[in-house]
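Number of protein chains: 2
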Amino acid sequence: MGGDRGPRVIVPSAVNYLHRNPEISIILVGIPEAIKAQLSILNVKLSHRLRLYAATEVVDMNDQPSLALRSKKDSSMRVGVNLIKNGEAQACVSAGNTGALIATSRFVLKTLPGIDRPALAVILPTIKGHTYMLDLGANVDCSPEQLLQFGIMGSALVSSVEKKEKPSVGLLNIGEEAIKGNETVRQAADLLHASGLNFYGNIEGSDIYKGTTDVIVCDGFVGNVALKASEGVAQMLSTYLREEFKRNLLTRLVGLFASPIIHTFKRRIDHRRYNGASLLGLRGIVIKSHGSADNYAFGFAIERAVQEIRSDTLCQISKHIVESPYYLANQSLQSQSPSEKEIL
Amino acid sequence: MGGDRGPRVIVPSAVNYLHRNPEISIILVGIPEAIKAQLSILNVKLSHRLRLYAATEVVDMNDQPSLALRSKKDSSMRVGVNLIKNGEAQACVSAGNTGALIATSRFVLKTLPGIDRPALAVILPTIKGHTYMLDLGANVDCSPEQLLQFGIMGSALVSSVEKKEKPSVGLLNIGEEAIKGNETVRQAADLLHASGLNFYGNIEGSDIYKGTTDVIVCDGFVGNVALKASEGVAQMLSTYLREEFKRNLLTRLVGLFASPIIHTFKRRIDHRRYNGASLLGLRGIVIKSHGSADNYAFGFAIERAVQEIRSDTLCQISKHIVESPYYLANQSLQSQSPSEKEIL
């Protein structure tokens, strides 16, 4: 159990989730003493629905992924991912070190046939509802083929979780015209056009929150910056709004009356409700929670895992990939079974 | 006079600006009939402070930069940029086609010694005040050396316009740790460290609006997406806020009382006040206004040009570059005087 807050947040969040969802079972993975201490604070006992799986160490948030993979073979992260491989768990949710989680998952679970590397997908709110964006930082310097794979995986994710046939897929670029953007994006657009997906074409940064498409495909560097810049803007606007209502006695009074409205507004834009990025393209469901997630936020990451299990997302992704013209034209594509060295 | 709205917006905006700034003179460049029609609506006459320079054609917003450069040699854009070269104007402000403006400016004015390609720099609001970010889309696939040049130019811009000695420079990346990001960004960080600039190090997307640094350096693709995503979030939040205040009769009533506060809030985040991107690195001041800018917004783009003239920004940038260790170590660097073909 990693993340910035470890068992202090994850144990109560898991216990809450079990209360609300009687058909779910959770295995807590980590240092037994730390977990038991939290359970005793909550006055909750282990049961067949809430089991404990011991690990002797924890991946630190600052550990190099290589160190985590090579030297911490009994970390809660590694043990948790192993549970999927061994069929003891259907999904793994972690608030730990992102790089280590990607490396560990990729090494232990392997990627699906036709997938080079896993990608991080998140749900984002839009004016119309919400959209799915990938990659959010698992990959920098993506090839056109990887961007195509992101499109196929994102489309399969939305069609399984949202029961939406042929979700629209947009390619993040700096202009709508096909001539704009760099060579990689131009080639990716060609591949996506020929992919059989419902490819909308190029979209711009402003389209993300307009909800122009159901899926947004981008390089992990660009996606990560866009996401974090968006969080930054929301934070700044929130600060500005608070400042305006606190400007003087009169504005404070109005603020008092407006507070239920502001509260609903803030709840609506609360990024904690979008916590939980899917690590797509693996032979197992792995969800990355924000490292600083609180009890409330972590519950959404668990919910994301449950949704993907129920929607049979993994099977849908596999199916979409092996049926894609790209895969069929490259029958030689096999599951990647990289060594530790290749992963890092 | 290009842009989405042409003389209908630009002429009244220029006339307004002259009223407010009696020491400034403006040359209107475009199709004389179109400009004169707007002047007659405003009942304003040409004078020594408001002159007209005729052009026979206009670069269309959808024209390829190559077409604009090769075939529209008497466009308002080309004539306007020529005025700087001939010493008849100290700056050029355009709401026209971005790609064409960059290509035209680069071809006509040439870049400064030590600068490979010009970059677009904008001012963005932050929690603390504001920050300068470049590049915003003039360059995709930047080299580490270009990112260094952006750092030097951005630093010179801030130190001249804001009278700030040694502005801090951040490099946009996907993690604060030096190991993260792609190879280009890693190499750029090394160059920036050795540059003599006040280099802060890597920053993340969320740092943009925190105001972590005075200058933010990034590749044009990433910068463009981050900027447009930010505008998208602000737009969505604004819509959400309006919706919450219009939810029912009671919230509408509260909204009535809160409207002056919301108005101040909206004014504060009004992106029109940040209109005007500086095309840095040229032997002349060129400001790109948003194509869809209105009268109010276009005035800020003119103001940006006037500020750079008054602050002697051009000279400051030249000075910073030729004094940089990078330039001194590469004395062979000469002004780029590319042909039309090389530019496109």
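Which chain is which? The protein sequence lines are A and B, in order. Using my numbering, the letters of the first sequence map in sequence onto residues 24 to 367. Using my numbering, the letters of the second sequence map in sequence onto residues 24 to 367. Every residue gets a Cβ at the ideal spot worked out from N, C-alpha and C, and that includes glycine. Just so you know, these numbers come straight off a predicted model, no measurement behind them.
Candidates the options, of which the one nearest residue i by Cα
| i | options | result |
| --- | --- | --- |
| K342(A) | Q330(A), L132(A), S178(A) | S178(A) |
| I310(B) | R290(B), A112(B), E46(B), A57(B) | A112(B) |
| M84(B) | A123(B), M259(B), E267(B) | A123(B) |
| V82(B) | S347(B), I332(B), G314(B), Y319(B) | G314(B) |
| I344(B) | T287(B), L194(B), R306(B) | R306(B) |
| L220(A) | E346(A), V131(A), A144(A), G25(A) | E346(A) |
| I197(A) | Q172(A), G228(A), Q169(A), A211(A) | G228(A) |
| G174(B) | V192(B), S183(B), E185(B), L159(B) | V192(B) |
| L65(A) | I50(A), P45(A), A77(A), A37(A) | A37(A) |
| R265(A) | L250(A), A281(A), G255(A), L195(A) | A281(A) |
| E56(B) | T79(B), E46(B), P283(B) | T79(B) |
| V208(A) | V116(A), D164(A), P190(A) | D164(A) |
| A142(A) | S301(A), T287(A), I231(A), V116(A) | S301(A) |
| A324(B) | E254(B), I239(B), A118(B), K151(B) | A118(B) |
| L157(B) | D317(B), I340(B), R327(B), L303(B) | L303(B) |
| Q172(B) | F321(B), E206(B), P136(B) | P136(B) |
| L215(B) | Y350(B), M100(B), G255(B), V102(B) | Y350(B) |
| I125(A) | A77(A), R43(A), L159(A) | L159(A) |
| T235(A) | F244(A), N225(A), D242(A), C241(A) | N225(A) |
| A91(A) | R333(A), Y319(A), G322(A), N120(A) | N120(A) |
Identified DSSP bridge partners for residue i
| i | result |
| --- | --- |
| E80(B) | S98(B) |
| T149(B) | The partner list for T149(B) (beta bridge, DSSP) is empty, contrary to what the question assumes. |
| C115(B) | V309(B) |
| L73(A) | I49(A) |
| T154(A) | L147(A) |
| F222(B) | V192(B) |
| S301(A) | A144(A), I310(A) |
| I64(A) | Paired residue(s): none; I64(A) is not in a bridge. |
| T134(A) | L305(A) |
| V238(B) | Y155(B), V192(B) |
Counted within 10 angstroms of its Cβ, other Cβ atoms place residue i as buried (16 or more) or exposed
| i | result |
| --- | --- |
| C338(B) | exposed |
| D213(A) | exposed |
| D97(B) | exposed |
| S48(A) | exposed |
| I70(A) | Ile is not the amino acid found at residue 70(A); the sequence shown has Ser there. Answer is exposed; the Cβ neighbour count stays below 16. |
| K269(B) | exposed |
| K133(A) | buried |
| I107(A) | buried |
| S358(B) | Legend: pLDDT at S358(B) = 48, less than 50; position of this residue unreliable, no value from coordinates given. |
| T262(A) | exposed |
| D230(A) | buried |
| K151(B) | exposed |
| K95(B) | buried |
| E46(A) | exposed |
Closer than 8 Å to chain A by CB, residue i
| i | result |
| --- | --- |
| T287(B) | yes |
| I197(B) | yes |
| D27(B) | no |
| Y297(B) | no |
| V309(B) | no |
| G204(B) | yes |
| V34(B) | no |
| I284(B) | yes |
| V248(B) | yes |
Test: residue i CB closer than 8 Å to a CB of chain E
| i | result |
| --- | --- |
| S166(B) | Chain labels in this structure do not include chain E; the protein chains are A and B. |
Any non-hydrogen atom of the ligand ATP closer than 7 Å to residue i Cβ
| i | result |
| --- | --- |
| I285(B) | Only the bare structure without any ligand can be found here, which leaves the ligand ATP out of the picture. |
Test: residue i CB closer than 8 Å to a CB of chain B
| i | result |
| --- | --- |
| V245(A) | yes |
| L143(A) | no |
| R291(A) | yes |
| T149(A) | yes |
| L329(A) | A small fix is needed here, since residue 329(A) is Val in this sequence, not Leu. No - not a single Cβ of chain B is within 8 Å of the one on V329(A). |
| A281(A) | yes |
Inset, instruction - Quick one: which residues of the stretch 250-278 of chain B get their C-beta closer than 8 Å to a C-beta of chain A? List them in chain order. - result: L250, K251, A252, S253, E254, G255, V256, A257, Q258, M259, L260, T262, Y263, L264, E267, F268, R270, T274, V277, G278
Inset, instruction - Could you name the residues of the stretch 83-115 of chain B whose beta carbon sits closer than 8 Å to any beta carbon of chain A, in the order they occur along the chain? - result: So the close ones are N85, Q87.
Legend entry - Proximal residues, the stretch 160-184 of chain B versus chain A, C-beta separation under 8 Å: G160, V163, D164
Inset, instruction - Check distances from the C-beta atoms of the stretch 223-236 of chain A to those of chain B and list, in chain order, the residues that come in under 8 Å. - result: E227, G228, S229, D230, I231, Y232, K233
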